Structures are given as C-alpha cells and as structure tokens.
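These notes concern the structure reproduced below.
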Amino acid sequence: MSTTKKKYPPSITFGLLLESMKNIFGMLSRAPEKYPDILMTGIPGIRRVYLVNHPDIAQHVLQKSYRSYPKAKGYEVLALLLGKGLVTNEGDNWHKQRTLIQPAFHRETLKRISSITVSSTNHLLNKWKGQEGQTINFTREMAEVTIDIVAKSLFTTDVNAKHIQTIWRNVNFLNESADALLRNPLHLPWFLPLPSYRKMRRYIAELDDIVYGIINKRKKEKNPPPDLLQLLLEARYEETGTGMTDLQIRDEVMTIFMAGHETTVNALSWTWYLIKQHKEVEDKLKEESLKVAGDRDPVFEDVPGLLYGKNVMNESMRLYPPVPVVGRNAKQDDELGAYFVKAGTEVAVNITGLHHHPAYWPEPFEFKPQRFDSFDMKGDNRFVFMPFGGGPRICIGNNFAMLEMQLINSMLSARVDMDLVSLDVKPKALITLKPDNGIVMQIKRVKK
Ligand code: HEM
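Numbering (this note's numbering), first residue to last: 565 to 1012.
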C-alpha cells in the first residue's frame, strides 16, 4: 500500500463540532449530508477519530479487513464490567469463544425464548390492568420485562424484584460512567482511589454477587434446565474437549445479560414513541396481530407472519439505531476509500449516519415502515442498514432480539390502549441511544 499521498479526510466543520457537544446524535445524523464518505473529528494533537458514513468503507472496516480493526480502546472501559466476554474480547480468543457460544442461539433456544417472552409480557399486561388511567415510564417498564426475559432465558429462575432494581440502577450508572470515561481523553488509571472509581467497583461487585450466586447454585442442581447458562456450562472447546473456566462463564453471562436487554429496551421505547405518532401504523400492526393470533397469545410459529411488525421494528431502528456508532482502532496504516489512516487512529462506523444518509434513503427522517417491504437486507444494502452491526462481529443476539420485540409489539398492539404523554423526548447517545428520561405513557385500557 502506498502511503506517500497521505490524503486525510476533511475535518469536521466548527458548526458541526459545536452541535456534537450539545447533541451528538444530531451531529451523527446530519454528518453525511456534508461528508457522504468520511470525516475527521476528535481533538487535534490528542485524539483523531474518523467517522465513516459510506457503506463500502464500513464493510472494509467491519468485514473485509476486520482483523486490522480491533475494537476501539474505549472498549477497555466496558471490559471493567464485562471482562473478556464476547463484546470486549479480541483476536483468536474472541474467535474461540464466538465459535463455542454461537450454537447456543439455535432454533430450540429461540423457541424457548418465545414462550418466555409471551409469559413475561402477559405478566406485565396483568400488572398494567391494575394501573388503568395511570401514567407510567414506558422505558422503565420495558426494562423490567426485558431483564425478566433475558434472565429467564439465561438462568430459567426468576430474578427477584430486588435484584432487578439493583441491575437497573447499577447498569445505568455503569453505562453513564463508561461513557464519560470513553469521552475523556485523559484516562486516569483504574487503580486510583477516586470516589467515582470506587462506586463503579462497588456496583460491579454487586452485579458479580448476583451472577456468581446464580452460577454456583446451578452447579449444585441435579436436573438442570436446558437454558443458556447450562449450554455455556456444558460447551466444550473442540481442540481440547475442556469447558470454560468459571471466570470466562461469568464474563459471558454478564455480557449476554448486559448486551441482551439495554439495546432492546431502547429499541422498544423508540418504536412506541414513533407508533404513537402514526395512528395508521398502529392500526395496521394491530390488524396484523389479530389476523395472525386472533384472541390467543402468539407463539414461535406465528412470528414469520408478523411481517409488518418486523418492518416497523426495522424502520424504528433505522431512525433511532439502539447502538448509534461502533468503534474500532486501526492496527496498522491503511487506506479508507481515498484517504490515509494512520495506525492507532480511532475509526467509528456511523450507523446513525448510514441509516439517515440521503443517498440511500429517500425522505430519510420520515417514519415509513413500508419502505422495508422492498428493501433488500442482504447484497449491496448489507452495510447501509445495520442496527446489529456487520461482519464477523455482528450481534450474536439479533434473532433473539427481533423475535422478542416482534412478540412484545404484537401483544401490546392487540391488547393495550395507551397515550404518549409528551412528545418532547431527547435522544441521548451514550454507548446506546436512550430516550433521555424515558418515554412516558398513560395507560387507558388493557384487554385481558
Ligand atoms: C435491539 C437489540 C440489539 C441491538 C440493536 C444490538 C446491537 C448490537 C451491535 C451493533 C453489536 C456489534 C457491536 C460492535 O461491532 O462493536 C452487537 C454485539 C453483540 N450483541 Fe447485540 N444487540 C441487540 C440485542 C442483543 C441481545 C438480545 C443479545 C443477547 C442475548 C446481544 C448480545 C450481543 C453480543 C454478545 C455481542 C458481541 C458479539 C461479538 O462481538 O461476537 N445483543 N449488538
């Protein structure tokens, strides 16, 4: 590769940089209008970040040359909580773990997850039945149901209400702390006795207690259930025939637990925020749910029939991608499109920008689920729409998440009458894209 020309991407304009300080999501979303391929941002002399807005360059980073682009340094912050689980692991070690864990997300697991989802959603709807007329934080409620679903999928047993409260509080705090650390170019060493670090350690230890408690209890069980934890405990590496260490299991369980609910909560929240502003979409969703399942609860086999529901989810994740960017680090000098990238540069694939790119999406800011009727997800579009990332490190839980969200949406649309209390919701781009302060709804009526 020739590095003589050293053409760098255009630098972010001052206006867009200012916007990014007030509203990162707005900057990510608007960036491709001025920079259809790539731009350079960061802090001159300290941290250089390339923001990728072109699908071919995204494919180069995430798929074709993925070994040259390991996860960004920032993921080390996440590793404080997730250890060497799939999200934060790298290289051969990651590959070994991914090969071992992938089969656990097979069809039988998805079938189990369907019935868990339906029963957890029924539980929520029964609770809401007693709250008719009341106002709820819909985002908080979705967290309760998705924590319940991922906990039962992993561990079968109930995670009690006190644990759910701890998980919700600790995960939110750790997510915000990780984000603050990621944005801070001066990483203070983790061993320093700073009050914020001490609180992070305490919160991680509390989550550890919950997870290790469950693993240890399971190891003593005579007839363990065939859940994800059991699949992890029984999995054996092909070359050695041995299983994972306790620490590796802890890291994978924590990873699946964390990755498996926060993104889904955000996706469901934004979806209902949008649905409630488009009555025709809600009517169509309800019509489809009733056509597919009638008065009964939906089952796994119904899901392929919930096609419109799938389009609604995709369109919502296009407008509000639950993971707004994915970050990598160039391991060696390379070329991205026409531009030179120096080893050590951070390269962030702008999922938000790609999803709002005017070259690929007519009326990019309109909510139009029907556009997915004719959108070819594979082929050339693979890196134009990628809520679950792309390349070998694509989300391992994408089928889990789609199934869960389609079933929840179908049940809510068929059985709940609710109103959005306020339209004034600000997107807050942390590692994930949250509705700041959550989506607030008033429950009017819940059908049994
Ligand atoms: C709407 C829901 C979800 C969205 C939008 C989402 C999005 C993503 C994205 C974009 C990545 C790639 C990150 C990167 O390349 O840096 C990822 C990775 C991952 N996700 Fe998800 N995810 C969702 C749900 C889930 C669920 C339900 C699970 C597990 C039950 C899960 C587990 C994981 C894991 C373990 C990884 C790391 C995979 C690897 O590197 O091998 N996710 N997810």
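For every residue, glycine included, the Cβ atom is placed at its ideal position computed from N, Cα and C. Note that the structure is a prediction, hence the values are computed from the model and not measured.
If you run the structure through DSSP and keep just helix, strand and coil, what is M950? Locating residue 950 in the sequence shown gives position 386, counting from the first residue. Residue state, collapsed to three classes: coil.
Who are the near neighbours of S566 in its chain, counting only those whose CB is closer than 7 Å to its CB and skipping five residues on each side? Here residue 566 is taken as the residue at index 2 of the sequence shown, counted from 1. Because the pLDDT at S566 is just 48, under 50, the model does not fix this residue reliably, and the value given afterwards should be weighed accordingly. Cβ within range, chain order: n/a, list empty.
With distances taken from CA atoms, which of T710, L603, D772 is nearest E968? For the purposes of this step, residue 968 is taken as residue 404 along the sequence shown, with counting starting at 1. The residue with the shortest Cα to Cα distance from E968 is T710.
For V1004, count the other beta carbons within 10 Å of its own beta carbon; 16 or more makes it buried, fewer makes it exposed. Which is it? The residue you call residue 1004 lines up with position 440 of the sequence shown. So V1004 ends up on the buried side.
Can you determine whether any heavy atom of the ligand HEM sits closer than 7 Å to the C-beta of G824, and answer yes or no? Sequence index remark: in the sequence shown, residue 824 carries index 260 (1-based). Checking the Cβ of G824 against the ligand HEM gives yes.
Could you give the first and the last residue of the continuous beta strand (DSSP E) run that contains L997? Mapped onto the sequence shown, residue 997 falls at position 433. From DSSP, the beta strand (DSSP E) with L997 extends over 997–999.
For the ligand HEM, is there a heavy atom less than 7 Å away from the beta-carbon of P951? On the sequence shown, position 387 is the one that residue 951 refers to. P951 Cβ: within cutoff of the ligand HEM.
According to the Cβ coordinates, are E826 and I665 closer than 8 Å? The sequence position of residue 826 within the sequence shown is 262, counting from 1. The sequence position of residue 665 within the sequence shown is 101, counting from 1. Cβ distance not < 8 Å, so E826 and I665 don't count as in contact.
Is DSSP giving T909 helix, strand or coil here? Position 345 of the sequence shown holds residue 909. Looking at T909 - three-state DSSP - the assignment turns out to be coil, as it is neither helix nor strand.
Drop a sphere of 10 angstroms on the beta-carbon of R671, count the other beta-carbons inside from all chains shown, and report buried for 16 or more, exposed for fewer. Reading the sequence shown from its first residue, position 107 is the one you call residue 671. Exposed.
Using the three-state DSSP reduction, which class does A894 fall into: helix, strand or coil? As a working mapping, residue 894 is identified with position 330 in the sequence shown. Three-state DSSP puts A894 in coil, outside helix and strand.
Which residues bound the alpha helix (DSSP H) around Y776? On the sequence shown, residue 776 is found 212 positions in, with the first residue counted as 1. 759–783 is the span of the alpha helix (DSSP H), which, as asked, contains Y776.
Could you give the residue range of the alpha helix (DSSP H) that holds R979? Mapped onto the sequence shown, residue 979 falls at position 415. From DSSP, the alpha helix (DSSP H) with R979 extends over 962–979.
Just reading off the beta strand (DSSP E) that A993 is part of, what are its end residues? For the purposes of this step, residue 993 is taken as residue 429 along the sequence shown, with counting starting at 1. A993 -> beta strand (DSSP E) spans 991–993.
Spatial distance of L592 from V845 (CA atoms): The residue given as residue 592 occupies position 28 in the sequence shown. The residue given as residue 845 occupies position 281 in the sequence shown. The alpha-carbon atoms of L592 and V845 are separated by roughly 27 Å.
Flag F559 as yes when its Cβ comes closer than 7 Å to any non-hydrogen atom of the ligand HEM, and as no otherwise. Lying before the first or after the last residue shown, residue 559 is absent from the chain, which here runs from 565 to 1012.
Buried/exposed call for S938, threshold 16 Cβ in 10 Å: Taking the sequence shown and counting its residues from 1, one reaches residue 938 at position 374. Exposed: under 16 other Cβ atoms inside 10 Å.
Determine the DSSP secondary structure at R611, reduced to helix, strand or coil. Taking the sequence shown and counting its residues from 1, one reaches residue 611 at position 47. If DSSP states are grouped into helix, strand and coil, R611 belongs with the strands.
Mind pulling the alpha helix (DSSP H) runs of 4 or more residues that sit fully within the region 841–868? 843–857
Y614, buried or exposed, once every other Cβ within 10 Å from all chains shown has been counted against 16: For the purposes of this step, residue 614 is taken as the residue at position 50 of the sequence shown. So Y614 counts as buried.
Less than 7 Å separating the Cβ of M881 from some heavy atom of the ligand HEM? Residue numbering aside, residue 881 sits at position 317 when the sequence shown is read from its first letter. Yes.
Taking the DSSP output, what are the residues bridged to M982? Looking up residue 982 in the sequence shown gives position 418. DSSP, once it has assigned bridges, lists I1007 as partnering M982.
Indicate whether I915 and P933 have their beta-carbon atoms separated by less than 8 Å. By 1-based counting over the sequence shown, the position of residue 915 is 351. By 1-based counting over the sequence shown, the position of residue 933 is 369. No, the pair does not count as a contact, with Cβ atoms beyond the cut-off.
Which of helix, strand or coil DSSP assigns to N686: Here residue 686 is taken as the residue at index 122 of the sequence shown, counted from 1. Three-state result, N686: helix.
Is the closest heavy atom of the ligand HEM to the C-beta of A965 under 7 Å? Residue 965 sits at position 401 when you count from the first residue of the sequence shown. Yes.
Closest by CA to L688, which one among L849, R979, F964, N734? Locating residue 688 in the sequence shown gives position 124, where the first residue counts as 1. It is R979 whose Cα lies nearest to the Cα of L688.
Considering only the alpha carbon of each residue, which of S717, S974, S684 lies closest to E705? In the sequence shown, counting from the first residue as 1, residue 705 sits at position 141. Among S717, S974, S684, the Cα nearest to that of E705 belongs to S684.
G805 classed as buried or exposed, judged by whether at least 16 other C-beta atoms fall within 10 angstroms: As a working mapping, residue 805 is identified with position 241 in the sequence shown. It is exposed - the Cβ of G805 has fewer than 16 other Cβ atoms within 10 Å.
Candidates K598, V651, A799, P999, of which the one nearest S575 by Cα: Within the sequence shown, the letter at position 11 stands for residue 575. Residue K598 is the option with its Cα nearest to S575.
Outcome for Y884 when other beta-carbon atoms lying within 10 angstroms are tallied against a minimum of 16: Working through the sequence shown from its first residue, we reach residue 884 at position 320. Y884 is buried by the Cβ-count criterion.
Roughly how many whole angstroms lie between the Cα atoms of P789 and L838? Taking the first residue of the sequence shown as position 1, residue 789 is located at position 225. Taking the first residue of the sequence shown as position 1, residue 838 is located at position 274. Going from the Cα of P789 to the Cα of L838 covers about 38 Å.
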